[in-house]
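These protein sequence lines are chains S and H, in that order.
Using the working numbering, the first residue of the first sequence is number 175, and each one after it goes up by one.
Using the working numbering, the first residue of the second sequence is number 4, and each one after it goes up by one.
Glycine included, C-beta positions come from ideal geometry on N, C-alpha and C.
Remember, predicted model here, so these are calculated numbers, not experimental data.
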Amino acid sequence: MNPLLKVKNLRQYFKISRNFTVKAVNGVSFEIFPGETYGLVGESGSGKTTIGRSIIRLYDPTGGEIIFNDKNISGNLDKKTNRMLRKNMQMIFQDPMSSLNPRKKIADIIGEGLDIYHSYKNLRERNEIIANILQKVGLSPAHAERYPHQFSGGQRQRVGIARALVMNPKLIIADECISALDVSIQAQVVNLMKDIQAETTCAYLFIAHDLSMVKYISDRIGVLHRGYLVETGLSKEIFSNPVHPYTKSLLSAVPIPNPAVEKQRKFLNYDSSNVDYEHCTMKKISETHFVLEN
Amino acid sequence: MEKNILSIENLDVTFRTNSGNIHAIRGIDLNLPRGKTVAIVGESGSGKSVTMKAVTGLLDDNSVINSGKIFYFQGGKKIDLLTLTKKELRKKINGQQISMVFQDPMTSLDPTMTIGAQITEGMFLHKKISKADAEKKAVELLKLVGINDAEKRMKNFPHQLSGGMRQRVVIAIALSCEPKVLICDEPTTALDVTIQAKILDLIKNIQEKMGLSVIYITHDLGVVAKVADFVNVMYAGKIIEVGTAEEIFYDPRHPYTWGLLSAMPDLETDDDRLYSIPGSPPNLLHEPVGDAFATRNKFAMKIDKKISPPMFRISETHFAATWLLHPDAPKVELPAELKKRIERR
Chain S
175 MNPLLKVKNL
185 RQYFKISRNF
195 TVKAVNGVSF
205 EIFPGETYGL
215 VGESGSGKTT
225 IGRSIIRLYD
235 PTGGEIIFND
245 KNISGNLDKK
255 TNRMLRKNMQ
265 MIFQDPMSSL
275 NPRKKIADII
285 GEGLDIYHSY
295 KNLRERNEII
305 ANILQKVGLS
315 PAHAERYPHQ
325 FSGGQRQRVG
335 IARALVMNPK
345 LIIADECISA
355 LDVSIQAQVV
365 NLMKDIQAET
375 TCAYLFIAHD
385 LSMVKYISDR
395 IGVLHRGYLV
405 ETGLSKEIFS
415 NPVHPYTKSL
425 LSAVPIPNPA
435 VEKQRKFLNY
445 DSSNVDYEHC
455 TMKKISETHF
465 VLEN
Chain H
4 MEKNILSIEN
14 LDVTFRTNSG
24 NIHAIRGIDL
34 NLPRGKTVAI
44 VGESGSGKSV
54 TMKAVTGLLD
64 DNSVINSGKI
74 FYFQGGKKID
84 LLTLTKKELR
94 KKINGQQISM
104 VFQDPMTSLD
114 PTMTIGAQIT
124 EGMFLHKKIS
134 KADAEKKAVE
144 LLKLVGINDA
154 EKRMKNFPHQ
164 LSGGMRQRVV
174 IAIALSCEPK
184 VLICDEPTTA
194 LDVTIQAKIL
204 DLIKNIQEKM
214 GLSVIYITHD
224 LGVVAKVADF
234 VNVMYAGKII
244 EVGTAEEIFY
254 DPRHPYTWGL
264 LSAMPDLETD
274 DDRLYSIPGS
284 PPNLLHEPVG
294 DAFATRNKFA
304 MKIDKKISPP
314 MFRISETHFA
324 ATWLLHPDAP
334 KVELPAELKK
344 RIERR
């Protein structure tokens with residue numbers, strides 16, 4: 175099967191001044207297949223959000239190739255490719271409070287993409303599409319006439335998901351989409367995303383710093399550190415057999431809701447100041463499991 | 004000496020807003036034993052921060068304390084913090100006796116002051132201390148919270164430090180006047196898991212060294228498991244279950260606690276579905292009738308919709324407010340999945 179998204183050696187630098195450049199992403203490669211979920215984890219500043227934003231072309235990548243749907247989307251985009259990209263790749267943002275326009279009704283927030291792409295014949299069809307999508311994300315069609323401030327945080331994130339889904343995208347980039355929500359609501363949203371995936375077979379790039387949630391939703395996981403992909407593999411492999419010391423350290427930091435175990439557990443510190451990732455290469459552990467090593 | 008250092012009795016707080024009165028705290032009792040760690044768990048809006056703000060006198064002006072007492076035991080004396088004026092609180096209690104670590108280190112530090120000035124500020128207010136001594140002490144504190152080249156860092160501004168370092172500075176400020184009680188309001192929510200682990204270890208070490216009593220406010224049960232001796236579960240302005248950490252994690256009795264525990268992702272199972280509590284927390288603008296959790300509770304009975312349940316005693320330390328514990332109530336088993344989880348340990 176052809177991968178839906180292929181990221182090859184992606185580099186993203188930000189020039190701050192003449193002598194100073196932030197190298198946010200340094201040669202990251204991974205693939206996402208249709209209908210699967212790829213989780214990207216790492217601490218803040220590791221470049222996970224930057225990767226998501228480069229892929230959806232909010233930034234212009236400094237180097238490397240991004241192949242989406244068999245089209246190269248890393249260079250200048252012609253009009254046709256751009257339309258294809260905008261329609262088939264959508265994003266869910268972190269903060270449901272600030273990512274919805276407070277002056278627009280829910281129907282218009284969700285319908286904006288439909289309007290741009292003329293995806294309906296008449297107003298009745300538009301309303302129908304919106305009502306359907308609201309039902310799919312667990313809201314009622316009557317909510318279409320409301321404004322964002324009339325919803326709770328969990329409901330607003332559902333609107334964000336509906337907005338991404340309405341275009342029938344092939345890939346959804348979910349950037350920390352549950353970290354601003356309460357624990358009991360997080361589970362609701364993650365379950366909803368799984369149900370939607372089962373129904374529509376869209377793929378997710380799930381970006382998060384919470385490893386335990388990532389485990390629930392991802393088929394495969396990539397661990398990022400300082401802009402390098404240090405380990406990637408099936409979700410099971412990463413959790414049962416972490417190889418890279420950074421992954422081990424990350425796993426040891428996830429708190430477990432069990433006092434007897436948690437009070438005894440030691441956090442493994444990983445000091446990376448002497449490690450030069452630039453000269454490391456990916457080593458194969460198994461068919462699907464790779465680790466960055468000297 | 005008294006067993007508890009801080010004890011809250013029947014606290015009840017309302018906020019006056021343009022859209023009506025919000026009954027944020029609906030009568031809670033809470034005890035902090037000397038030298039122990041107590042955690043308050045709950046979703047946002049359940050009233051955990053408001054409770055602690057009442058203790059430190061930091062409540063907003065539109066709040067009304069309807070009833071309640073907050074006792075602080077100093078030496079042999081018993082002081083009701085709610086009878087003190089704001090000025091007395093600031094002079095005698097806050098910082099010196101009870102001190103607080105806030106959630107977001109970026110907003111709780113002053114961006115225009117150096118780290119050193121911010122740490123010594125409290126010492127000048129509360130103690131007669133010379134500038135040189137204060138600075139010496141500040142350097143010691145910075146070393147205690149694990150900051151390297153402390154002397155240099157004294158002259159740094161907050162923006163020159165990383166998020167984890169900033170939170171360490173906030174802890175150093177909180178400790179500057181040797182308080183007896185440390186209140187941590189979601190101290191690690193804004194931080195990464197790796198840094199969270201380091202900060203939690205740090206607070207624990209300092210607690211042992213200085214003999215502090217600590218209150219943690221958090222929504223992360225993983226953090227609770229790591230730090231807490233006693234756990235209070237809050238929902239809609241009430242404490243609905245209280246017990247030792249072991250009792251809450253291995254023998255929970257309230258359906259909301261069951262829900263919270265089941266909704267935590269477990270690294271050990273291969274399950275790919277998470278349990279979620281249906282619905283969302285109630286809006287306290289409209290005072291809930293009966294048990295506030297009834298609408299989200301699949302075990303709810305008729306009485307839950309009429310009368311709010313009292314605290315039922317399970318053991319010396321373990322109490323829960325649910326009608327399921329009433330002798331006449333039908334027997335309800337723990338949800339199967341949670342039972343399996345607890346047995347696996």
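query, result
"Report yes if the CB atom of H/Lys267 is closer than 7 Å to the CB atom of H/Leu224, and no otherwise.", "Per the sequence shown, residue 267 of chain H should be read as Met rather than Lys. Against a cut-off of 7 Å, the Cβ pair of H/Leu224 and H/Met267 comes out as a contact."
"Leaving out five residues before and five after H/Pro182 in sequence, what residues of the same chain have Cβ atoms less than 8 Å from its Cβ?", "Gly98, Gln99, Gln100, Ile101, Ser102, Leu215"
"When you compare the CB of H/Leu270 with every CB in chain S, is at least one pair closer than 7 Å?", "yes"
"Just to confirm, is the Cβ distance from S/Val465 to S/His418 under 7 Å?", "yes"
"How about S/Ala372 and S/Pro208: do their beta carbons lie closer than 7 Å?", "no"
"What is the rounded straight-line gap between the Cα of S/Tyr402 and the Cα of H/Met116?", "36 Å"
"Comparing the C-beta of H/His222 with each C-beta of chain S, is any distance below 7 Å?", "yes"
"So S/Tyr390 is in the alpha helix (DSSP H); what residue range does that whole segment cover?", "385 to 391"
"Would you list the one or two residues that DSSP bridges to S/Met265?", "S/Ile347"
"Pull the bridge partners of S/Lys197 from the DSSP assignment, please.", "S/Tyr187"
"Report all residues from its chain with a CB closer than 8 Å to the CB of H/Cys180; omit the five preceding and five following residues, and keep chain order.", "Gly98, Gln99, Ser102, Gly125, Met126, His129, Lys130"
"Along the chain, where does the alpha helix (DSSP H) containing H/Gln77 start, and where does it finish?", "Note, H/Gln77: premise wrong, no alpha helix (DSSP H); beta strand (DSSP E) at 66 to 77."
"Mind pulling the beta strand (DSSP E) runs of 3 or more residues that sit fully within the segment 308 to 386 of chain S?", "345 to 349, 377 to 382"
"Is S/Glu217 buried or exposed, if buried means 16 or more other CB atoms sit within 10 Å of its CB?", "buried"
"Would a check of beta-carbon distances place S/Val404 closer than 7 Å to chain H?", "no"
"Which residues in chain S have a C-beta closer than 8 Å to the C-beta of H/Lys201? List them in chain order.", "Phe441, Asn443"
"Are the C-beta of S/Ala505 and some C-beta of chain H separated by less than 7 Å?", "This structure does not reach residue 505 of chain S, given that chain S is present from 175 up to 468, and the question cannot be answered."
"Using a Cβ-based criterion (distance less than 6 Å to any ligand heavy atom), does H/Asp107 qualify as near the ligand FAD?", "As presented, the structure is devoid of all ligands, the ligand FAD included, so that no description of it is given."
"Could you tell me which of S/Glu239, S/Tyr187, S/Ser203 sits nearest to S/Gly396, measuring between CA atoms?", "S/Ser203"
"Measure the C-alpha to C-alpha separation of S/Ser423 and S/Asp384 and round it to an integer number of angstroms.", "13 Å"
"At 8 Å on the CB atoms, spell out the chain S contacts of H/Glu249, in chain order.", "Pro433, Ala434"
"Where does S/Asp234 fall in DSSP's three states?", "coil"
"Smallest Cα separation from S/Leu184: which of S/Leu178, S/Ala305, S/Met175, S/Ile241?", "S/Ile241"
"Please state whether DSSP places H/Tyr278 in a helix, a strand or coil.", "coil"
"With contact counted as at least three CB pairs below 8 Å, one residue from each stretch, are the segment 330 to 339 of chain S and the segment 254 to 261 of chain H in contact?", "no"
"Is it true that the CB of H/Val236 sits closer than 7 Å to the CB of H/Thr260?", "yes"
"What do you reckon, are the CB atoms on H/Leu14 and H/Ile28 nearer than 7 Å?", "yes"
"Look at S/Gly407 and S/His323 and say whether their C-beta atoms are less than 7 Å apart.", "no"
"Using DSSP bridges, identify the partner residues of H/Phe233.", "H/Val41, H/Thr247"
"Is the distance from the Cβ of H/Leu35 to the Cβ of H/Val44 below 7 Å?", "no"
"Taking 7 Å as the cut-off, decide whether the C-beta atoms of S/Ile225 and S/Val196 are in contact.", "no"
"List, in order along the chain, the chain S residues whose C-beta lies closer than 7 Å to that of H/Val226?", "Pro429"
"For H/His329 and H/Glu250, I'd like the C-alpha separation in whole angstroms.", "19 Å"
"Report yes or no: do the segment 337 to 349 of chain S and the segment 281 to 294 of chain S share at least 3 C-beta pairs separated by less than 8 Å?", "yes"
"Kindly indicate if chain H contains any beta-carbon less than 7 Å away from that of S/Asp369.", "no"
"Would you kindly report the start and end of the unbroken beta strand (DSSP E) that includes S/Arg394?", "394 to 399"
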